[in-house]
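Structure first, then comments.
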Amino acid sequence: MSDLRAEAEAWLADDPDPAGREELRAVLDDERELRERFAGPLTFGTAGLRGPLRAGPNGMNLAVVRGAAAGLVRWLAETGAEGPLVVGYDARHGSKAFADETARVATGAGRRALVLPGPLPTPVLAFAVRHLKAAAGVMVTASHNPPQDNGYKVYLGDGSQIVPPADKEIERAIRGVGPLLDVPLGDPGETLGEDIVDAYVDGALRTVDPEVPRDLVVAYTPMHGVGKDVFVRAVVEAGHQAPAIVREQAEPDPDFPTVAFPNPEEPGATDLLLALADDVDADIAIANDPDADRCAVAYKDGNRWRLLRGDEVGVLLADHLIRRGVKGRYATTIVSSSLLSRMCEAHGLPYGETLTGFKWIVRAGDDLVYGYEEALGYCVAPTHVRDKDGITAALLVCELAAGLKSEFKHLGDRLDELALRHGVHATDQLSVRVDDLADIAAAMDTIRRKPPAALLDEPVHAVEDLLPDADVLIVRAGTTRVVVRPSGTEPKLKAYLEVVVPVTGSDIRAARETAQASLAALRTETAAALGL
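Using our numbering, read the sequence shown as starting at 867 and increasing by one per residue.
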């Protein structure tokens, strides 16, 4: 405890934030709390830095942000990167203060800092990096994490998220910053005008076809985040009527009071949205996550609303672009449905498959025209935003749904058409949230030491371990696949399941029922293989 306390005292002596110092002093005698806060520094994961708001190196706080910003601008100088640093932020606790600190560190180092004009969606920042010819961009956000978290996403000058070796090089630069109190701080930078939002919306509108029908009723929620104003503006300027908005979730609220987790994938998160959709007799329902880089979609299937999986929206958007004649590479990740690869093969289009995360998807090839990941992320216009973008994806969903409505069809009908041609590709996820990250390591070790010999009574024909490049294990048996990996953004272990069932004759319903029963059995088998 003496060494731990000494480490905490050293942190206190160099913490520039009075509130952070006061918070840490209050727990100096709590060994368990100190061990958690000083377990190690936050590291760049799938989406940059992300962690709980708390004092100490293993949390998001002003001291960590000052060090991260100082390391980033030092690395930019060392690599000869020219141009300003663009800084954006969402409406989470601490986001504005972290953005201001980042800007002051940049100007203190002699680099221009351009700050977005208010809390805005992450895709606006990703767009702004290239639009303003910046050296890099920083977005302060924890996306769909719980309210006690925040994060720090770094974009390179090409508008994409950082990848190795840049992440490790930046980390090394952060470690070499020295005393935080010695980091020079400049002015707060230049606050950009609303014209940056105008430019983003103009680009988003270029992704849609102005000639298709626009008769559509949309229910929408920004889930207490920052997507509403940009989404509504884009939808209306695209020619649709203004969406109905969930009143209780319309304005930014960092406490996310109406949801257990502000993630559209979580059970119950879209309950208010679907209730509103019923009330207004909507054709589709759309949810953005709090920083609006993800998009969830539901449609009315008979008398009930069906929330589409990310894989389903992903292939629907891909199919829509293919039907529009968009040529180029279509890409997804190793944990997403294999249906996209079959679609590309059928249409003679290049296909890309990458590790998890949009930092990899957007690097699938110079000819990339579309990319998606099953976690509700879609890049429908890489030349506009080189990252996932829940606003432009939603615009394209509206276009697709309106076109189908004009033919007396809905999104489910288009999914049936794809199933008839390529078979039912059913996916599911086994997701386990843990309190101790050691539990994830133990489960990964269990399945690595003894992978299953069969899946759904079919012998396993391939086991692919992607270590050391990625902590991922892939098990294949016939057309059944299981991919296991730790989450890069949350304390979760995830297993991604897929079964493929051919459609006999035109009996899609029977094929889907078979697929769902197979997925249920596969979940049980996978849990056993992980020792859960």
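Think of the CB as a built atom: it goes at the ideal place given N, C-alpha and C, for glycine as much as any other residue.
Hey, could you find the ends of the alpha helix (DSSP H) residue i is sitting in?
i	result
residue 1200	Segment: none, residue 1200 is in no alpha helix (DSSP H) and carries neither H nor E.
residue 1209	1205-1213
residue 1145	1137-1145
residue 989	988-997
residue 944	928-944
residue 900	897-903
residue 1331	Element bounds for residue 1331: not the alpha helix (DSSP H) but the beta strand (DSSP E), 1328-1331.
residue 1036	1032-1041
residue 973	961-974
Rounded to whole angstroms, what is the Cα-Cα separation between residue i and residue j?
i	j	result
residue 1160	residue 1014	20 Å
residue 1179	residue 1307	32 Å
residue 988	residue 1061	16 Å
residue 1356	residue 1011	7 Å
residue 981	residue 921	25 Å
residue 1195	residue 1374	29 Å
residue 1377	residue 1369	6 Å
residue 1291	residue 1398	26 Å
residue 894	residue 1317	44 Å
residue 1304	residue 1371	49 Å
residue 1346	residue 1278	23 Å
residue 1193	residue 1042	46 Å
residue 1240	residue 1176	4 Å
residue 1056	residue 1384	56 Å
residue 1344	residue 1314	20 Å
residue 1227	residue 1246	12 Å
residue 1330	residue 1339	6 Å
Given a threshold of 16 other Cβ atoms within 10 Å of its Cβ, counted over all protein chains shown, does residue i qualify as buried or as exposed?
i	result
residue 1325	exposed
residue 936	buried
residue 1146	exposed
residue 1019	buried
residue 1102	exposed
residue 1182	buried
residue 956	buried
residue 1309	buried
residue 1059	exposed
residue 1288	buried
residue 1327	exposed
residue 1053	exposed
residue 1121	exposed
residue 914	buried
residue 1274	exposed
residue 958	buried
residue 1248	buried
residue 1128	buried
residue 1027	buried
Report yes if the CB atom of residue i is closer than 8 Å to the CB atom of residue j, and no otherwise.
i	j	result
residue 1074	residue 1104	yes
residue 1118	residue 1090	yes
residue 1009	residue 985	no
residue 928	residue 883	yes
residue 1197	residue 1218	yes
residue 974	residue 1050	yes
residue 1366	residue 1380	no
residue 992	residue 1155	no
residue 1351	residue 1222	yes
residue 1236	residue 1158	no
residue 1269	residue 1083	no
residue 1224	residue 1036	no
residue 1000	residue 950	yes
residue 1364	residue 1203	yes
residue 878	residue 887	yes
residue 995	residue 952	yes
Excluding the five sequence neighbours on either side, which residues of its own chain have a C-beta within less than 6 Å of the C-beta of residue i, listed in chain order?
i	result
residue 926	917, 919, 1016
residue 1389	1296
residue 1069	1250
residue 1238	1180, 1198, 1244
residue 1086	1109, 1111, 1152
For residue i, which residues of its own chain have a beta-carbon under 8 Å away from its beta-carbon, when the five flanking residues on both sides are left out?
i	result
residue 1124	1090, 1114, 1115, 1138
residue 1190	1075
residue 906	923, 924
residue 1136	1087, 1130, 1151, 1153, 1162, 1164, 1173
residue 983	1057, 1058, 1059, 1060, 1062, 1063
Tell me which residues share the same chain as residue i and place their Cβ nearer than 7 Å to its Cβ, disregarding the 5 neighbours each side in the sequence.
i	result
residue 931	964, 967, 968, 1018
residue 971	932, 935, 936, 939, 1049, 1051
Check for me: the beta strand (DSSP E) holding residue i runs from which residue to which?
i	result
residue 1227	Premise fails: residue 1227 lies in the alpha helix (DSSP H), 1224-1227, not in any beta strand (DSSP E).
residue 1295	1290-1299
residue 1001	From DSSP, residue 1001 is part of no beta strand (DSSP E); its letter is neither H nor E.
residue 1084	1084-1087
residue 1358	1358-1367
residue 1150	1150-1154
residue 1168	Careful: residue 1168 lies outside any beta strand (DSSP E) and carries neither H nor E.
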